[in-house]
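In the working numbering, the protein residues as written are -3 to 292. Report on one structure; see the data block that follows.
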């Protein structure tokens, strides 16, 4: 019996209607739909073949996690797919939806690919982090896009020291500092002035945000590097965030240690189109005048 976990942004009736259509089509094709208990009431009985708690076991035994929504909903689906080691397929029903594999107008086609098992799976690197206060672990989590450390008090400056592979690189006052994956390079890190990194490049990005220093440029380091941020002990508290979904308050003197994630995220791909095409499409980049490779 084939089974799919359906994760939906149920805040819009149109999303719910599409989810019901998807569940019906999957059922006709012999695929059982599993939904989360906190979404079951909104989706109604036509979607609720099987209802499960929204925890680390939600996607166990499924073929994939099918997400209908924006990037925030896809990140939620990723939280469920990763511990179960199953891939996630995102269909964008939001605005930019950079993480999604297909947009709403391609939903019918995407479901067809699932029914025919006509897709392939790639792995995206993640980040694992540990935050310590006086050598005591106070936070342990992970991120697909980025880990951000930001000032908690708006009127104050966050004083941090950046460390790579056990050696200090720079210290400065700033609004915050990010550590991102290639997948996350087009999200918060890009808005903070970081570079766009192709998803198949294995690297870790370090991007300061509004830093008051001469040497405060984005860094691209090895995926095997150990990155750490130390909050000045005589400074102010900070807010730690993983993918903007899991947030924690840290006191002055805290240390955040980041490494490549032990468990990558599996992502469903429906086509072999290069990342360049997606980048141009999502950001509506000006490419007029391009003549293509020389025929000779």
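Note that CB positions come from ideal geometry on N, CA and C, so glycine has one too.
When the Cα atoms are used, what is the spatial distance from residue i to residue j?
i, j, result
"residue 285", "residue 276", "14 Å"
"residue 288", "residue 273", "13 Å"
"residue 192", "residue 270", "14 Å"
"residue 197", "residue 59", "27 Å"
"residue 265", "residue 114", "9 Å"
"residue 32", "residue 178", "29 Å"
"residue 204", "residue 148", "16 Å"
"residue 225", "residue 187", "20 Å"
"residue 211", "residue 21", "55 Å"
"residue 168", "residue 217", "19 Å"
"residue 165", "residue 51", "39 Å"
"residue 221", "residue 268", "30 Å"
"residue 236", "residue 190", "19 Å"
"residue 0", "residue 13", "18 Å"
"residue 253", "residue 86", "30 Å"
"residue 135", "residue 125", "8 Å"
"residue 153", "residue 98", "40 Å"
"residue 45", "residue 27", "10 Å"
"residue 75", "residue 141", "12 Å"
"residue 223", "residue 201", "10 Å"
"residue 127", "residue 240", "16 Å"
"residue 37", "residue 68", "20 Å"
"residue 132", "residue 8", "43 Å"
Based on the DSSP secondary-structure assignment, which residues constitute the bridge partners of residue i?
i, result
"residue 208", "169"
"residue -2", "27"
"residue 293", "Only positions -3 to 292 of the chain appear in the structure, and residue 293 is not among them; the question remains open."
"residue 149", "Residue 149 pairs with nothing; no bridge assigned."
"residue 175", "143, 202"
"residue 48", "32"
"residue 60", "0"
Consult DSSP for residue i and reduce its assignment to one of helix, strand or coil.
i, result
"residue 164", "strand"
"residue 276", "helix"
"residue 252", "strand"
"residue 235", "strand"
"residue 242", "strand"
"residue 16", "helix"
"residue 285", "coil"
"residue 265", "strand"
"residue 137", "strand"
"residue 65", "strand"
Thinking C-alpha only, which one of the options is nearest residue i?
i, options, result
"residue 151", "75, 267, 8, 231", "231"
"residue 208", "112, 155, 57, 107", "155"
"residue 79", "268, 258, 280", "258"
"residue 233", "199, 279, 170, 189", "170"
"residue 15", "283, 200, 103", "103"
"residue 48", "142, 39, 30", "30"
"residue 41", "50, 87, 19, 74", "19"
"residue 143", "261, 24, 82, 242", "242"
"residue 312", "238, 109, 83", "Nothing about residue 312 can be read from this structure; the chain reaches only from -3 to 292."
"residue 247", "130, 262, 88", "130"
"residue 146", "174, 127, 139, 157", "174"
"residue 35", "5, 17, 54, 184", "5"
"residue 53", "73, 219, 89, 64", "73"
- What runs of the alpha helix (DSSP H), each 4 residues or longer, lie entirely inside the region 78 to 133? Segments of the alpha helix (DSSP H) lying fully in the region 78 to 133: 103 to 111.
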